[in-house]
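Shown next, in structure tokens, is the structure this report addresses.
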Amino acid sequence: MSETGQPTSVEDDVVVTLDYTLTVDGEIIDTSEEDGPIQFIQGSGHIVAGLERAIYGMQMGESKEFTISAADGYGEEDPEAIADIPRSEFPPEIPLEPGVELQLTDKEGDELEAYIVSVDKGVVRLNFNHPLAGKELHFSVEVTDLRSATPEELDHGHVHEAGHEH
Ligand code: ZN
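Heads up, the numbering used here is the position in the sequence shown plus 233, with the first residue counted as 1.
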């Protein structure tokens, strides 16, 4: 804590604003240059576990790079989480092309996310793993703001942006 009572490094219950670039297999997957920085309460599990662990103690304005294993990122790929579905079961408005992400509802009414691996003859192969499962994640990050979370934010477990109370 500094004399103003605001945190000077990343610790639990601090609202962190982070510029980041995520690179996987040499390709930029996601960057705050396009989407803006991410903001989260440290320790709330809002970001992938390996990144949350890696940034503890980073100072305001500090930059670092991390490599995070799949297990500490989006998990290992489950080879069982692949399904072949007849093309005729998809509504015609869905573009059936590799890489397309789908939101599906199973028989119990739970929502599932999957992406199309391949489309062959009458069969669409779906992968229910996260698209980054099994991948090593390379993060380049910079801490651009730190502040104490409010009691209400801690209670809700997420950041309240100015003017967005809920
Ligand atoms: Zn809230």
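Here a beta-carbon is modelled for each residue, glycine too, at the ideal position from N, C-alpha and C.
Quick caveat, the model's predicted, so the values are computed rather than measured.
DSSP bridge partner residues for residue i (one or two, in chain order)
| i | result |
| --- | --- |
| T331 | Note that residue 331 is Pro in the sequence shown here, rather than Thr. BP columns for P331 are empty, so no partner. |
| P319 | V356 |
| T250 | Q272, D378 |
| K297 | V374 |
| Y348 | E334, N360 |
Same chain, Cβ closer than 6 Å to residue i, neighbours up to 5 away in sequence not counted
| i | result |
| --- | --- |
| A282 | D305 |
| Q292 | S242 |
| G308 | A366 |
| H371 | T256, T300 |
Chain-order list of residues whose beta-carbon lies under 8 Å from that of residue i (same chain, five-residue window excluded)
| i | result |
| --- | --- |
| V352 | R320, L329, E330, P331, R358 |
Residue i classed as buried or exposed, judged by whether at least 16 other C-beta atoms fall within 10 angstroms
| i | result |
| --- | --- |
| E322 | exposed |
| K368 | buried |
| Y289 | exposed |
| Q275 | buried |
| L345 | exposed |
| I384 | Per the sequence presented here, residue 384 reads as Pro, with Ile not at that position. Exposed, because fewer than 16 other Cβ atoms sit within 10 Å of the Cβ of P384. |
| E285 | buried |
Top-ranked residue by Cα proximity to residue i, from the options
| i | options | result |
| --- | --- | --- |
| E295 | V392, D378, K354 | D378 |
| T254 | Q292, T300, D246 | T300 |
| V219 | I349, F273, Y348 | The structure shown does not extend to residue 219, since the chain spans only 234 to 399, so no value can be given for it. |
| D317 | V350, I262, H389 | V350 |
| H363 | T264, E386, V333 | V333 |
Endpoints, the alpha helix (DSSP H) within which residue i is located
| i | result |
| --- | --- |
| E386 | 384-389 |
| E260 | From DSSP, E260 is part of no alpha helix (DSSP H) but of the beta strand (DSSP E) over 260-264. |
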